[in-house]
Structures are given as C-alpha cells and as structure tokens.
Amino acid sequence: MSFGRKCPKCRKSGLFRNYLDMEKQCRSCGLNLTAYREGFAGSLVINYSVSLVFAVLYLFAAYQAGMSETLLTVSAGGVALTVMLLIFPIVKTYWLHLLYNTGFLQESAGRRGKHTTVKHSNKNTLRYDWLFIDLDGTIVTDDFTLPERTVTAIEELKKIIRVSVATGRSYTSAKVYLKKLQISEMCIFQNGAILKNPLTGELSVLHRIDAELAHGIIDISYRAGTKLYGRFSGNRRRDEAGGQSGRAGILYPSDNAFFGNTQNRIRFFRSHDKFWEITHANVSKGNAVQIFSREYGIPQARIAAVGDHDNDLEMIAWVGKGMCVETASENLKKLTQFRIPGPEQCGAEKLRNMLLT
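Residue numbers for the sequence shown follow UniProt numbering, so the first one is 1 and each next one is one higher.
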C-alpha cells in the first residue's frame, strides 16, 4: 500500500498527501508539489527561451557567412536542440534551487487563488509530529455530543501538529464528527480495518473477515440470543436493543468446533462497557498507526495518541506518547500515567500542554 509518490527533492517515497483536491505536500521536506510543477514549467520556459536565442544568433552568424537557406534551417534546429539538452539540467537545478530557497516551493497554491491548505510551522515546539484521537469516550460524550470547546481545542492543535481520528466507528458513522472537526488527514476506522481520508475519499481496506467465518459468528450470535444489525448502526438501532450489550457468552469457545478454528483468524475485545468487537486477527489501531509511521516516515517516538478503552490498547502501547482519559478502562490506565479529563470536561483542551512534555 502506498499513500503517495516519490518526492522529487528529498527522494523519499510515500510522503505526498492530498489536501484539497489538487494540493500535495511532502511530509519530509515540505515541498509543495503543485508549486513544484509550476516551477518546473518555469524552468522549461527559460530553457526554450535560451535555446531560441542561441538558434537566432546562429542563424544570423550563418546568414552573414553566406550559408544556404536549407542548411541554415537544419543546422539552426540542431543547435537549438543541442543547447536545450545541454543546459536543461543546469537550468532546472538552479531555478528550482532558487525557488526552494525563497520559500516558493513550500508555500501553498492557495496564495495564488487556488486553494488554502493547512500549514504546520517548522518552528513547532511540540515533541510530536502526529496525534491520533479516539472519538467515543475520549472527545465525544456519552450522549454522542462533540462539545464546541473540544472542536476549538482541536482546531488549535491542527495548527501545530497533524491530527487524525482513530475510531472503532465506520466512516459513515464517524462522518458527522469528522466534518465538524474538519479533519484533512488519513484516519483509522473500524478499529484499524479501514483507512480513509475524509477530505479526498482516498481509501485503503486493510483486513476483512471472510464470508464463511462471518456466517459462523452470526449463527453462534443468534443462538446466544444476541441481536445483530448487519447494515445499520447508531443511536436508533442501539435504542431498540434497550441499551443491552447481549450475552458475553458468544465471545468464548462454547462452540469448540467453530472457535477452535478461529483463534488465529479473529479477535474479540471491548470498545465500550456495553460493546464487544469482532475483527480480523490482524486488525488493531496499533497496527494501523504503525502503517502510518512506515508510509509517512514519522518515527515511533514522534507519534502520540489518546483513547479510552481496550480497543485503544495496542495504539497507546506502541506510540511515543500514549494518553488516556481519566474515565478510561482499567486495562488502558495500566499502560499510561498521562491522563486528560473526559469529553464532558473537554479534556482535549489539556492535550496541547500534555504534548509539550
């Protein structure tokens, strides 16, 4: 899986990200690809112009020497082509070098009236480059509200650090919060099974449960008396279940014939006191964050994350700085001493100070 192309300046691959349809910027050196293309086009214009000048000068000198018109035309074309090939690498290198040093290639095309992009200061005093935030129980309250104070706090964070959401929700279910937060980075959905950029629609499906295994899980769940909603999720369907989480017995090998063959294919874990998750064995937010680290070239030590429950365990354990809310599960509290208030107290306001230490 690749998130981008190779940077023409630093030559690191997989570092370009789309911001707003056509804006791309290198995560490593800050090169703006849109501006680079415009600068490259400028070097071509310079090259053609210089070649044309040499050809005209040659034509004038040859004409003065009495050369025939046919020979003049052919030789002038040869001179122009030769000059073009010889000086182009030099023109390109020095022209782009000049543009880079003047800051043109780091600037957004937005200043030229096309788009406005998020720019992160090179003078960032934070010790971390990327922050992954869980939704429910971390910044979203128990009544599914995203407080305005939290939105404002995350808006301020986005000015100094890249912010992504890492949630157990599907993209469709999380979309209302992503829109309010105006997240423009690739995000983690369904506990790490899917990566998607809410702005560009770029999608990567990492792991699926095969149909045979899914049918077996559904069959055992029905026999255990648990209601399943394969197509719908959210408040309305949860209310129909009366707030019940179903019998936990479906999560244990009561059916040895089935579960004996699934130990390395699926995993069970809690995402809430009332919710259990069943995913592919390799799915976790931690594994997804590691993919981000490799693809974008961000060191593990420069990544931070915050969560509230057991589906955040792998992520909090792996990142350079793992944090949790004060109301987090006991398992998560054992992993980190860094705590922020819960969503009702707008704990996101404390994140900036937490990331400074």
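C-beta atoms are modelled at their ideal positions from N, C-alpha and C, and glycine is treated no differently.
Nearest-angstrom Cα distance between residue i and residue j?
i	j	result
residue 135	residue 189	10 Å
residue 197	residue 165	10 Å
residue 235	residue 356	In this prediction, residue 235 has a pLDDT of 42, which is less than 50 and means its spatial position is unreliable; what the coordinates show is noted afterwards. The alpha-carbon atoms of residue 235 and residue 356 are separated by roughly 37 Å.
residue 287	residue 168	14 Å
residue 149	residue 323	19 Å
residue 330	residue 338	14 Å
residue 308	residue 290	19 Å
residue 161	residue 180	18 Å
residue 49	residue 56	11 Å
residue 110	residue 184	The pLDDT assigned to residue 110 is 34, lower than 50, so where the model puts this residue is not dependable; a value taken from the coordinates is nonetheless given after this. Going by the C-alpha atoms only, they are around 16 Å apart.
residue 170	residue 182	17 Å
residue 137	residue 211	31 Å
residue 299	residue 314	17 Å
residue 410	residue 283	The structure shown has nothing for residue 410, since the chain only spans 1 to 357.
residue 116	residue 317	At residue 116 the pLDDT is 34, less than 50, meaning the model places this residue with poor confidence and gives no usable figure here.
residue 321	residue 163	14 Å
residue 21	residue 186	The predicted position of residue 21 is uncertain, since its pLDDT is 33 and thus under 50; no value can be drawn from it.
residue 155	residue 147	13 Å
residue 325	residue 345	10 Å
residue 358	residue 294	The question about residue 358 has no answer, for the chain in this structure spans 1 to 357.
residue 246	residue 354	Any answer about residue 246 is weak, because its pLDDT of 39 lies below 50 and its placement is not dependable; what the coordinates show is given next. The alpha-carbon atoms of residue 246 and residue 354 are separated by roughly 37 Å.
residue 53	residue 153	58 Å
residue 58	residue 297	51 Å
residue 218	residue 159	45 Å
residue 141	residue 46	58 Å
residue 222	residue 292	37 Å
Residue range of the alpha helix (DSSP H) that residue i falls in?
i	result
residue 354	351-355
residue 328	Neither: residue 328 is in no alpha helix (DSSP H) and is coded neither H nor E.
residue 317	313-318
residue 157	148-157
residue 199	Looking at the DSSP string, residue 199 is not in any alpha helix (DSSP H), and its letter there is neither H nor E.
residue 189	Careful: residue 189 lies outside any alpha helix (DSSP H), inside the beta strand (DSSP E) at 187-189.
residue 176	171-181
residue 289	285-296
Between the Cα of residue i and the Cα atoms of the options, which residue gives the shortest distance?
i	options	result
residue 342	306, 321, 298, 334	306
residue 214	168, 332, 178, 278	278
residue 192	140, 132, 201	132
residue 327	139, 127, 53	139
residue 285	298, 319, 295, 301	319
residue 144	154, 173, 183	173
residue 151	296, 282, 349	349
residue 201	82, 178, 216	178
Could you spell out where the beta strand (DSSP E) holding residue i opens and where it closes?
i	result
residue 132	130-133
residue 306	303-307
residue 196	194-196
residue 162	162-165
Which whole-angstrom value describes the C-beta separation of residue i and residue j, a residue pair presumed to lie in contact below a C-beta threshold of 8 Å?
i	j	result
residue 129	residue 340	Going by Cβ atoms, the distance from residue 129 to residue 340 rounds to 19 Å, so no, they are not a contact pair.
residue 332	residue 310	7 Å
residue 176	residue 194	Actually they are not in contact, since the Cβ atoms of residue 176 and residue 194 sit about 17 Å apart, beyond 8 Å.
Flag residue i as yes when its Cβ comes closer than 6 Å to any non-hydrogen atom of the ligand SAH, and as no otherwise.
i	result
residue 330	With respect to the ligand SAH, the structure shown offers nothing to examine, as it has no ligands at all.
Quickly, what does DSSP pair residue i with across the bridge? List them, please.
i	result
residue 339	324
residue 136	140
residue 205	194
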